[in-house]
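The structure appears below as structure tokens.
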Amino acid sequence: MEGGPATAGPPFKVRKQGQQQMPEQPGSTGHSMRRVRRKLDLFHVITWLMSVAAVVTLLWIVVSIIIPAWPAIQKTGFGFFMNTAWDANRDRYGAFPFLVGTALTSLIALCIALPLGVFIALFLSENFLPLAIRQTIRFVVELLAAIPSVVYGLWGIAVLIPIVQRFGGLLSDRLGFIPLFQGPVFGNSTLTASLVLALMVLPTITAISRSALVAVPGTLREGSYAVGATRWETIFRVLLPTAAPGIVAATILAFGRAMGETMAVAMLIGNSPRLSWSLLSPGGTLAGLLANQFGEAKGLQISALMYAALALVLLTLVVNMIGEAVLRHAQKVTAGVR
Amino acid sequence: MKISLLLGSAATLLAAGTAFAAGIQLQGAGATFPAPMYQRWIAEYTKSNPNVQINYQAVGSGAGIKQFTQNLVAFGASDAAMTDNEIAAVKQGVVLIPATAGSVVLAYNLPGVTDLKLSREAYSGIFLGKTKKWSDPAIAKTNPGVKLPDTAITVCSRSDGSGTTFVFTKHLSTISPEFKDKVGEGTSVTWPTGVAGKGNDGVTALVKQSPGAIGYVEYGYAKNNKLAFASLENKSGQFVTATTASGAETLATTKFPPDILRAWPSDPEVKDAYPIATFTWLLLDKKYENKDQGEAVRKFVEFGLNDGQKFAEELGYIPLPKEIVEKGLEALKTIQ
């Protein structure tokens, strides 16, 4: 056991604390011990109850979505996820375009925000600039997370839509042969929504990646320099791989947030249930569909929307499970260097 | 000091509470489109009847019908009236009263074009996604001398369920068999083209922010937001712009069935009639358990039908034609 000397420390300290307490309550050691144990028991019970409550709440939410969704589940079955037509006036419900829209916007947002976020995190955790400046930049980036969703939506309408309208035209003229950039160009499009999502998840990725990078033991960096590695070699071969589990966790959290984001997306994506290859066309997401249609829905439409909500919950669950698996794998791989 | 202040304010609150309790409170909920009109009625009516408290929540037609059916409110409001199935679900019975009316206009964003005329072929083609450019011959034909850009048309529609969509799709289904077949009518339909926004204000914003856009909104919204809207070709081949008068022409042709005040004006062949207009309804119980409440609702709606109509024009609505007001007052008498 290499950890021998380390574990020898705490008991000594505890004994010392015990010795300090002893004079205060002479002769009541047994009593106080029992009291401590009872307190621990109460604490134990409370924590236990709280964790059960969390699990029960999740189950409760899922069950209370499934019950109203049942008529739609019975009627449309698994075809709900495959059908491309959402015609409320004809009671035909297919969520495929919204599933695609949800996945697509979140993925594009991540593709933009992940490299950007990790580079910002690297910059903030290295000593390229004086600490004060880095702290300010960090504070500002994290403030991005505090901006309400609807404000991002308004900003998107005022700033992003005109940009997409202008440069989208150029894009479709030059690259229109690629289905992704086919015209006609809409200001309210999948691309606009993805861009604003990228900005919204940037602080999540930056903050968590930065903490992961800062937490890399200094000895690793020193070791790397000692064997003659340059700074960039150290960053890419030592720091980033060691911080990888944290960066993966950041990515998953960001993906979850992007998929569930409602207000800003509903304001910018154009809310179209039609399937289109082009990023410059309007699209739709599950969360946006729910926000748009739930208020005025009736009959089977309510049920179908609940089914869509269930799909959204399951989608997030699956993403989180995949993320968890990746995280564990990454931890195993980097366990040696930690 | 603090305590006495607290006690003082508590006493005032209590006093206020009992004062309200002595009067009658009416809760209403439903459509957003007529909300400004109802708020105005409430303000004016409670001025002369301070013992009545009325509160109207603009939660949307669908939610209004739901709350009314569950008897959570004294009256509901809906742009699409109520279907027979919905009426059957209300135990205490339903009286539908047309309360006010409005037209649906096609607002557009074409810098420099102020008076756009759209033929039936043109606007049904646009909303079917067949007419894709502003320079299309179908549009150019009826707008000689107007310089139409060679840009794409962005069709703006509603993303939420809406009475406005219901009225507009009903009209398009009447004039175009292809639309009826491909899209159909309903409060929420899948448009073959374009972008969608939530609420009249959402569509208004979409039209405003994208040059080349066209969208359907309530007349009042287009007017208040100073959007340009197109003159539409009516059944007699005239191009008519939406005004209070041209909408009233259309409303006047509505034929109600004898037992229920529920009908939509269907594309009349009148020279000056604007083709897309509709009523919006108040939903009342046939029998109120609380007699005082029933009486209060009846009086309030009576006020709205008689004196309330004069606010219509300034708020962007169409005053109800005389014969419909009379029918409404008659129906009010059946409430117990």
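Which chain is which? The protein sequence lines are A and B, in order.
Here the first sequence is numbered in our numbering, starting from 1 and rising by one per residue.
Here the second sequence is numbered in our numbering, starting from 1 and rising by one per residue.
Built from N, CA and C at the ideal position, the CB exists for glycine as well.
Which value, in whole angstroms, describes the spacing of the CA atoms of Lys75 of chain A and Gly30 of chain B? 30 angstroms
Measure from the C-beta of Ala287 of chain A to each C-beta in chain B and report whether the shortest distance is under 8 angstroms. no
Pair every Cβ in the region 262 to 269 of chain A with every Cβ in the region 133 to 150 of chain A, then say whether three or more of these pairs are closer than 8 angstroms. yes
Assigned secondary structure, Ala107 of chain B (DSSP; H/G/I helix, E/B strand, else coil): strand
For a cutoff of 8 angstroms on Cβ pairs, would you count Ser303 of chain A as touching chain B? no
Sort A:Leu240, A:Ile205, A:Ala226 by Cα distance to Val216 of chain A and report the nearest one. A:Leu240
Measure from the C-beta of Pro71 of chain A to each C-beta in chain B and report whether the shortest distance is under 8 angstroms. no
Does any residue of chain A have a CB that is nearer than 8 angstroms to the CB of Ser173 of chain B? no
Could you check whether Leu160 of chain A and Leu195 of chain A sit closer than 8 angstroms to each other, using their CB atoms as the reference points? yes
What did DSSP end up calling Tyr317 of chain B once you bin it into helix, strand or coil? coil
Cβ of Gly295 of chain A less than 8 angstroms from any chain B Cβ? yes
What do you reckon, are the CB atoms on Gly62 of chain B and Gly161 of chain B nearer than 8 angstroms? yes
Chain B partners of Gly79 of chain A, CB-CB under 8 angstroms? Going along chain B, no residue has its Cβ under 8 angstroms from Gly79 of chain A, so there is no contact; the nearest lies around 17 angstroms.
Thinking just about the alpha-carbon of each residue, which of B:Asp267, B:Lys180, B:Asp84 is nearest to the one in Arg90 of chain A? B:Lys180
At 7 angstroms on the CB atoms, spell out the chain B contacts of Ser272 of chain A, in chain order. Val195, Ala196
DSSP three-state call for Ile54 of chain B: helix, strand or coil? strand
Check the Cβ of Phe186 of chain A against every Cβ in chain B and list those closer than 7 angstroms, keeping chain order. Thr154, Val195
Along the chain, where does the beta strand (DSSP E) that runs through Glu218 of chain B open and close? 213 to 218
From what residue to what residue does the alpha helix (DSSP H) around Glu107 of chain A run? The sequence shown places Leu at residue 107 of chain A, rather than the Glu named in the question. First-last of the alpha helix (DSSP H) with Leu107 of chain A: 96 to 125.
Within chain A, the residues that Val189 of chain B reaches when beta carbons sit closer than 9 angstroms: Asp87, Ala88, Asn89, Arg90
Find the nearest neighbour of Pro162 of chain A within the set A:Gly187, A:Leu280, A:Ala309, judged by alpha-carbon distance. A:Gly187
Return the residue from the list A:Arg210, A:Leu49, A:Ala85, A:Asn127 that minimises the CA-CA distance to Pro192 of chain B. A:Ala85
Distance, Gln135 of chain A Cα to Leu129 of chain A Cα: 10 angstroms
How would you write the range of the beta strand (DSSP E) that Gly76 of chain B sits in, first residue to last? 75 to 78
Chain B within 8 angstroms of Ile163 of chain A, Cβ atoms only: no
Closer than 8 angstroms to chain B by CB, Ile157 of chain A: yes
In the DSSP output, what is Thr154 of chain B paired with across the bridge? B:Ala213
Three or more C-beta pairs closer than 8 angstroms, one from the region 240 to 260 of chain B and one from the region 132 to 145 of chain B: is that the case here? no
Let me check one thing: in DSSP terms, what residues is Val240 of chain B bridge-paired to? B:Leu232
Give a yes or no on whether 8 angstroms exceeds the smallest Cβ distance from Ser61 of chain B to chain A. yes
Since I believe Ile247 of chain A is in contact with Ser209 of chain A (beta carbons under 8 angstroms), could you give me their beta-carbon distance rounded to a whole number of angstroms? 5 angstroms
Can Gln27 of chain B and Ala74 of chain B be called in contact, C-beta distance under 8 angstroms? yes
Per-residue DSSP class, three states only, for Ile324 of chain B: helix
Within chain A, the residues that Asp380 of chain B reaches when beta carbons sit closer than 7 angstroms: Residue numbering for chain B in the displayed model covers 1 to 336; residue 380 of chain B lies beyond these limits and cannot be assessed.
Three-state class that DSSP yields for Lys133 of chain B in the structure shown: strand
What does the Cβ neighbour count give for Gly228 of chain A, buried or exposed, with the cut at 16 atoms within 10 Å? exposed
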